[in-house]
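Position one of the sequence shown corresponds to residue 73 (our numbering), numbered consecutively onward.
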Amino acid sequence: TVPLLRTPEYVKESLRIMYDIAPDHLKFFKLWPYEQEDSENRELVLSLARTAYENGANGVVLVNTLPVEHNYNPKDLNSKPKRAGKGGQDLIPYMLRGVSDVRHEILDENFLIIACGGIGDGPTALSALHAGADMFAGFSPVSFDGFSVIPRSYSFIANYLAERGYRTLRELQYEVHQRIRKEKVTT
């Protein structure tokens, strides 16, 4: 069975409540990672992204932590396995897959995709932008490596754009959207 929080009805109701409470604020849904071979979870994520889009969300955040089983307290013989979230660089392929899949599904430039999960440097952030993200976020890298991650990533992307003649990030994003449109036509 699908957990209650992972249904189109939940997304619709959540958006209705968000619009009632904070009509002028941005509304995003954070979606979870899925394995390449897991077509059922992929379709569910895409369905929820479509539902969010069709019901007025401003975008989605991809991806949440990767659930993993672990022993909560190995010294306690009565301890039962618990679920925890794995983050960091292990999430990069999941993040790139999710961003690409959702952007191929929803090509509206006004529906924003925020990439997160393993983004700790400029090259990874740039990969997320090339996959179709509009923005990127990182928490773990800043908490482990300090705030210098932010200017280093920004500098890497700024240099990349300048070296290729882009005046703005939006120019790159426009080009990415055009590439994805062409890919959709040929598939």
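Note that beta-carbon positions come from the ideal geometry of N, C-alpha and C, so glycine has one too.
- Under the three-state reduction of DSSP output, P80 falls in the helix class.
- Taking a cut-off of 8 angstroms on C-beta distances, the stretch 215-226 does not touch the stretch 238-249, as fewer than three cross pairs fall below it.
- Take the alpha-carbon of F100 and the one of A129: they are about 6 angstroms apart.
- By the CB criterion at 7 angstroms, G157 and S212 fall outside the cutoff.
- Cβ contact annotation for L103 (same chain, cutoff 8 angstroms, sequence separation greater than five): V117, L120, A121, V132, V133, L134, V135, N136, G170 and V174, in chain order.
- Per DSSP, V133 is one residue of the beta strand (DSSP E) stretching across G131 to L134.
- Across the structure, D162 and I191 are spaced so that their CA atoms are roughly 10 angstroms apart.
- With a threshold of 16 other beta carbon atoms within 10 Å, G189 meets it and is buried.
- Taken through DSSP and simplified to helix, strand or coil, F211 comes out as coil.
- For the set T240, D193, R251 and V257, the Cα lying nearest the Cα of D217 is the one of D193.
- Apart from the 5 residues on each side of it in sequence, A203 sits with its Cβ closer than 6 angstroms to the Cβ of L168, V171 and S172 in its chain, given in chain order.
- The residues R175, H176, L179 and G204, in chain order, have a CB closer than 7 angstroms to that of I252 in the same chain once the five nearest residues on each side in sequence are set aside.
- In summary, G210 is buried, with 16 or more beta-carbon neighbours lying within 10 Å of its beta-carbon over all protein chains present.
- In the displayed model, L179 falls within coil according to three-state DSSP, outside both helix and strand.
- The shortest C-alpha to C-alpha distance from K84 to any of P95, E112 and A124 is the one to A124.
- Between L184 and D206, the C-beta gap is smaller than 7 angstroms, which places the two residues in contact.
- With respect to the 7 angstroms criterion, L77 and N127 are not classified as neighbours on the basis of their beta carbons.
- The DSSP assignment places 100-103 and 131-134 as complete runs of the beta strand (DSSP E) inside the stretch 87-136, in order along the chain (cut-off: 3 residues).
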